[in-house]
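J.:
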């Protein structure tokens, strides 16, 4: 049975006080129990990206949930996929950036040949919170002289204002 985007949104579950008291965790994994829901979500993102009216060369997925959607979106767009990973997880020459997370500094890396100068990219992840991870990915793309057209998320926690840290436009399916 085909899903509507509203039905996909309804699959996201909420868990109060997880992983710690005062946090309302939103769980996207129930979407993956329904292949038609995944297809609907991917198609929704593809439509949003195509609506930009600009050439996309690479879809970048952030470690780790961006790896769930990023490759599927890239396949539908007929473009390359490149992962952004935590330090030490990628072979070969990499570019890296240190960024601040809620609990301290972390490092993201991308393979140095993941994109060519001037290529247009879309960044994909499941959640936009404080914006630190996505900003780090934007910085990696800038090191490689690429252009971020859009950062797209399943969920944005708008009260944390992560979008204000980002240079590229932001799209989120669910804003809460």
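In my numbering, the protein residues as written are 35 to 210. Don't be surprised by glycine CBs; every beta carbon is placed ideally from N, CA and C. From a predicted model like this one, the values you see are computed outputs, not experimental measurements.
#1: Looking only at DSSP bridge pairs, what is residue 205 linked to?
#2: Suppose you measure from the CA of residue 40 to the CA of residue 74; what does that come to, to the nearest Å?
#3: Between residue 202 and the rest of its own chain, which residues show a CB-CB distance below 7 Å, the 5 nearest in sequence each way excluded?
#4: Using alpha carbons as the reference points, say which of 133, 144, 110 lies closest to residue 118.
#5: In the DSSP assignment, find the beta strand (DSSP E) that holds residue 143 and state where it starts and stops.
#6: Three or more beta-carbon pairs under 8 Å between the stretch 43-55 and the stretch 78-88, yes or no?
#7: Ends of the alpha helix (DSSP H) at residue 44?
#8: Give the single residue among 133, 166, 84, 121 whose Cα lies nearest to the Cα of residue 113.
#9: Measuring CA to CA, which of 38, 188, 204 is closest to residue 71?
#10: Please list, in chain order, all residues of the same chain as residue 42 whose beta carbon is under 7 Å from its beta carbon, the five residues on each side excluded.
#11: Taking residue 82 as part of the beta strand (DSSP E), name the residues at either end of that continuous run.
#12: Would the beta-carbon of residue 155 fall within 9 Å of that of residue 62?
#13: Let's see if you can read the secondary structure: which residues bound the beta strand (DSSP E) around residue 117?
T.: So, from the listed chains and residues:
#1: For residue 205, which the question treats as bridged, DSSP gives the partners 186.
#2: Computed Cα separation, rounded: 10 Å.
#3: Cβ neighbours of residue 202 within its own chain (closer than 7 Å, five residues either side excluded): 172, 182, 183, 184, 185.
#4: Comparing alpha carbon positions, the residue from 133, 144, 110 closest to residue 118 is 144.
#5: Residue range 138-145 is occupied by the beta strand (DSSP E) that includes residue 143.
#6: By the Cβ test, the stretch 43-55 is not in contact with the stretch 78-88, since fewer than three Cβ pairs between them sit closer than 8 Å.
#7: Here the alpha helix (DSSP H) through residue 44 covers 39-45.
#8: If you compare the alpha carbons of 133, 166, 84, 121 with that of residue 113, the shortest gap goes to 84.
#9: Cα-wise, what sits closest to residue 71 is 38.
#10: The residues are 65, 71, 74, 75.
#11: Not the beta strand (DSSP E): residue 82 falls in the alpha helix (DSSP H), residues 69-84.
#12: Judged by beta-carbon spacing, residue 62 lies beyond the 9 Å limit of residue 155, meaning their Cβ atoms are not closer than that value.
#13: In the DSSP assignment, residue 117 falls within the unbroken beta strand (DSSP E) covering 114-120.
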